[in-house]
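Written out below as structure tokens is the structure these notes cover.
Laid out in structure tokens, this is it:
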């Protein structure tokens with residue numbers, strides 16, 4: 001008689017939720033720690049007790065009970081400059097990573113990233129247009145011109161790609177990819193044109209295209225956060241459908257998934273999330289590509305845990321990259337997008353090599 | 001086309017590649033909307049129903065294929081619970097119980113935590129069947145469930161399907177390519193060609209050499225399976241075109257001793273006739289497949305006087321007569337007498353003597369006696385079929401007048 005390990009398998013499966021909760025808690029703690037770290041470093045370094053104190057002080061009722069151990073200037077720096085920056089980095093990291101999971105899942109292609117449908121190049125075009133036309137100058141009072149134009153550009157490309165790809169009521173993956181490539185390269189060349197005619201604004205445009213958080217304000221967070229969070233919740237509602245779609249669209253249909261609807265909703269939400277992120281930070285590469293892979297290695301392919309854990313890990317990663325961008329070559333602040341690829345690529349290579357070794361170890 | 005399948009029934013869908021079998025399955029399972037026509041499930045149009053509702057009733061086992069990303073067998077089977085779960089609902093104890101039950105039935109429970117990509121083709125197919133069962137369907141559709149599997153796996157999967165139909169009260173429709181596998185395991189068969197059902201009904205009604213030729217365009221013999229009695233299809237190698245109208249050769253044979261010769265002679269351009277052959281005899285089926293004029297007798301009955309007379313008539317018109325080393329009993333003793341009559345009337349008569357008569361005489365010596373008489377009457381005894389073919393070729397060469405002018 002063979003030993004029935006069945007009870008074990010079932011029990012393990014039923015404990016999955018507890019395991020997921022643990023993963024989410026650990027990642028949340030990491031995120032809070034990284035955001036605190038982000039608020040500590042800068043030209044005016046502060047201890048962790050000051051930063052945490054200032055943060056708690058912002059909470060109504062509870063805040064009044066705390067004793068101040070910091071100067072008013074320090075409070076202004078943390079609340080007006082560092083917190084919005086940390087929050088934006090977290091939000092953007094969250095958005096790009098979750099969108100990456102969605103695109104890789106829907107396209108069933110590990111090379112997909114949030115920018116496959118041309119969102120980045122559309123945003124880049126909108127932003128550089130705004131910069132070159134001088135709309136972004138604070139003196140004009142149009143401080144939001146760049147993010148607004150960026151989001152308009154990305155929504156425009158999205159719409160174009162969908163219109164081109166739509167055929168016979170469905171959204172065939174291959175047409176989407178090709179339409180994405182076509183529209184994307186068009187807007188990239190338009191951006192290059194903008195840069196070619198740009199004068200003094202060239203530096204501003206370039207630093208936007210590299211991606212970073214040089215001038216974030218609370219207002220931007222207030223606008224982007226609800227959009228990103230709402231779309232993430234919508235995406236999460238289709239987590240199990242995404243699992244089933246891993247088997248292929250046809251089998252998903254046969255298992256009761258309304259594939260066309262799900263695909264459309266997921267891709268529109270993921271594109272909006274990406275557009276919102278890009279509008280805040282400019283084009284930050286690599287996060288949306290590697291975080292989903294990292295988390296798949298760690299928590300497995302189930303989207304019900306993959307989506308939230310990627311969102312949290314992406315938020316943490318981008319916050320830490322932003323810290324690195326501000327501290328590596330102090331006092332020069334690097335574009336965050338430069339750092340993500342610089343640090344992300346070697347780390348990802350390491351993870352790949354390690355997982356390959358693990359797999360071989362299992363086989364032996 | 002209209003057809004229905006009952007619970008506990010396994011129906012095989014057969015037809016050449018591109019005849020629309022897979023398309024039909026997809027249309028039923030709501031994966032491919034037909035341009036015209038409708039599919040009804042319990043009197044409701046499936047394309048008006050929600051996908052989840054259809055999936056609770058109809059499950060599909062796809063062709064063996066790869067699975068992206070690293071899902072475990074249990075992950076895949078639990079996906080069968082998808083139509084039963086709410087949007088934010090997690091698989092609960094009942095879902096796990098259903099999945100375990102399904103995986104035990106298909107004998108893959110011990111593989112639950114293995115990655116599907118690491119499983120063998122047969123194991124993977126069992127996992128897919130378990131996933132379909134986890135949907136708790138009333139109808140199961142299978143697209144070539146045994147393709148790419150070895151013979152052992154094929155039989156196991158078909159056994160499993162039968163068991164599933166009966167124990168779970170499921171109506172199953174399976175696209176199959178192996179006619180004999182279908183014959184052994186299916187309750188009913190449907191034969192498709194160019195998007196239409198050509199034949200439908202019991203295995204015996206559908207699997208005839210006529211239907212198979214019409215649909216697949218190949219010549220086959222349909223026999224009975226030795227152990228199961230189910231129709232058993234044997235493909236015949238394609239006939240090489242040869243000019244007919246050569247010397248007329250009459251074959252006296254039976255029990256398969258003449259099949260190879262008949263085919264060789266037809267291909268050699270001889271004008272072949274045969275008789276008396278019993279219906280259901282292998283040689284009879286071969287003669288029918290080759291389209292020879294044949295004198296037939298009802299199965300298992302002795303050759304009647306009438307048939308014997310008809311046979312003699314055919315022999316009189318022949319340029320040569322061939323008697324094979326068939327077993328001789330009282331039922332076909334008259335065939336030996338017919339051969340003797342031919343020899344006595346001066347028609348060249350050849351006796352293939354590759355099996356001694358003593359070993360195939362079931363008439364207590366009467367057949368042996370007739371063989372001696374044949375020798376006395378001047379019949380040519382040859383030791384093998386190949387030697388006979390050589391002799392007949394010489395005969396053909398000697399009679400140039402009768403060499404066909406056709407072509």
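Protein chains in written order, with the numbering used here: chain A, 1 to 364; chain B, 1 to 407.
The C-beta atom is built at its ideal place from N, Cα and C for all residues, glycine as well.
Check, Outcome
"Euclidean distance between Cα positions of residue 289(A) and residue 310(A)", "11 angstroms"
"Neighbourhood of residue 200(B) by C-beta distance below 8 angstroms, restricted to the same chain and skipping five residues each side", "3, 188, 189, 190, 191 and 206"
"Contact between the stretch 203-222 of chain A and the stretch 275-283 of chain A (3+ Cβ pairs under 8 angstroms)", "yes"
"8 angstroms Cβ cutoff, residue 29(B) in contact with chain A", "yes"
"Where the stretch 252-270 of chain A meets chain B: residues whose CB sits under 7 angstroms from a CB there", "253, 254, 255, 256, 257 and 258"
"Through-space distance from residue 238(A) to residue 259(A), alpha-carbon basis", "11 angstroms"
"Residue range of the unbroken alpha helix (DSSP H) whose run includes residue 157(A)", "145-165"
"Span separating the alpha-carbon of residue 27(A) from that of residue 308(A)", "10 angstroms"
"Other residues of its chain near residue 337(A): CB distance less than 7 angstroms, five sequence neighbours each side excluded", "210, 211, 212, 282, 283, 284 and 285"
"Distance between residue 136(B) and residue 56(B) (C-alpha atoms, nearest Å)", "7 angstroms"
"Residue-chain proximity (residue 246(A), chain B), Cβ-Cβ < 8 angstroms", "yes"
"Integer Cβ distance of residue 303(B) from residue 276(B), believed to fall under 8 angstroms", "5 angstroms"
"Interface flag, residue 291(A) vs chain B, CB-CB below 8 angstroms", "no"
"Within 8 angstroms of chain A by C-beta, residues of the stretch 45-66 of chain B in sequence order", "50, 51, 52, 53, 54, 55, 56, 58, 59, 60, 62 and 65"
"Status (buried if at least 16 other CB within 10 Å, exposed otherwise) for residue 421(B)", "Beyond the ends of chain B as shown, which are 1 and 407, falls residue 421(B); an answer cannot be given."
"DSSP state of residue 180(B) mapped onto helix, strand, coil", "helix"
"Span of the beta strand (DSSP E), counted from its first residue to its last, around residue 201(B)", "196-202"
"Reduced DSSP secondary structure (H/G/I, E/B, other) of residue 373(B)", "helix"
"Neighbour flag for residue 406(B) against chain A, beta carbons, 8 angstroms", "Bear in mind that the predicted position of residue 406(B) carries a pLDDT of just 38, short of 50, making it unreliable; the figure below should be weighed with that in mind. For residue 406(B), the answer is no, since every Cβ of chain A falls outside 8 angstroms of its Cβ."
"Continuous alpha helix (DSSP H) stretch holding residue 95(B): start and end", "93-105"
"Euclidean distance between Cα positions of residue 76(A) and residue 97(B)", "58 angstroms"
"Three-state class that DSSP yields for residue 227(B) in the structure shown", "coil"
"Proximity test, residue 8(B) beta-carbon vs the ligand PLP heavy atom, cut-off 7 angstroms", "Questions concerning the ligand PLP fall outside what the structure shown contains, since it holds no ligand whatsoever."
"Limits of the beta strand (DSSP E) - the one that residue 271(B) falls within", "271-278"
"Three-state secondary structure (DSSP) of residue 250(B)", "strand"
"Coil, strand or helix - residue 115(B) by DSSP", "strand"
"Beta-carbon spacing of residue 270(A), residue 99(A) below 8 angstroms", "yes"
"Alpha-carbon to alpha-carbon, residue 370(B) and residue 396(B)", "28 angstroms"
"Touch test, the stretch 140-151 of chain B against the stretch 105-119 of chain B, Cβ-Cβ under 8 angstroms, three pairs minimum", "no"
"Neighbourhood of residue 304(A) by C-beta distance below 6 angstroms, restricted to the same chain and skipping five residues each side", "239"
"Members of the stretch 69-101 of chain A that neighbour chain B once the beta carbon cut-off is set at 8 angstroms", "none"
"Assigned secondary structure, residue 409(B) (DSSP; H/G/I helix, E/B strand, else coil)", "In the structure as shown, chain B starts at 1 and stops at 407, and residue 409(B) therefore has no counterpart that could be examined."
"Contact with chain A by residue 100(B), beta-carbon distance below 8 angstroms", "yes"
"Range covered by the beta strand (DSSP E) that runs through residue 313(B)", "Unbroken run through residue 313(B) is the alpha helix (DSSP H), 305-316; no beta strand (DSSP E)."
"Cβ neighbour criterion (16 or more within 10 Å) applied to residue 11(A)", "exposed"
"Chain A within 8 angstroms of residue 87(B), Cβ atoms only", "yes"
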